[in-house]
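The structure appears right after this line, and notes come after that.
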Amino acid sequence: MAKTIYTEEYKIFQKLLKKAREEAGLTQVDVAKALKTPQSFISKVEAGDRRVDVIEFWNLAKLYKKPVDFFFKFDDKSEHKSKKKSLKAASSTKRKIK
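See the structure below:
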């Protein structure tokens, strides 16, 4: 099994972390100071070079003032993709012949 840090879902999670930080009006330096970590830690998390543990994640969500479920929107996207495929298949089989 591949490490989860390399999955499509984790890539979406990374993008949502960055989006939340930007929406909060914070720089990586601001976040690093608030969490008492080096700026490189925040950079590596956002780039996918470092995995976030649950406590780090909880602290980031609090700092960004986002509910935890904000960061798990990848479920909606994967459902949307499968619906889109099934709709295409369904529409192509219902053509009327004149």
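Letter by letter, the sequence shown follows residues 173 to 270 of my numbering.
Note that the Cβ used here is the ideal one computed from N, Cα and C, for glycine as well.
Helix, strand or coil for residue i per DSSP?
i    : result
A193 : Per the sequence shown, the amino acid found at residue 193 is Arg instead of Ala. In this structure, R193 counts as helix in the three-state DSSP scheme.
T176 : helix
L188 : helix
D202 : helix
K237 : coil
K256 : Here K256 scores only 39 on pLDDT, less than 50, and its place in the model should not be relied on; the value that follows carries that caveat. Note: K256 maps to helix in three-state DSSP.
V217 : helix
Could you tell me whether the Cβ atoms of residue i and residue j are closer together than 9 Å?
i    : j    : result
K245 : I184 : yes
K190 : E218 : yes
Please work out which residues of its chain come closer than 6 Å, Cβ to Cβ, to residue i, disregarding the five sequence neighbours upstream and downstream, and give them in chain order.
i    : result
A206 : L235
Cutting at 7 Å between CB atoms, please list the residues of its own chain near residue i, excluding the five before and the five after it.
i    : result
L198 : none
Exposed or buried, what is residue i when buried is set at 16 or more other beta-carbons lying within 10 Å of its beta-carbon?
i    : result
R223 : exposed
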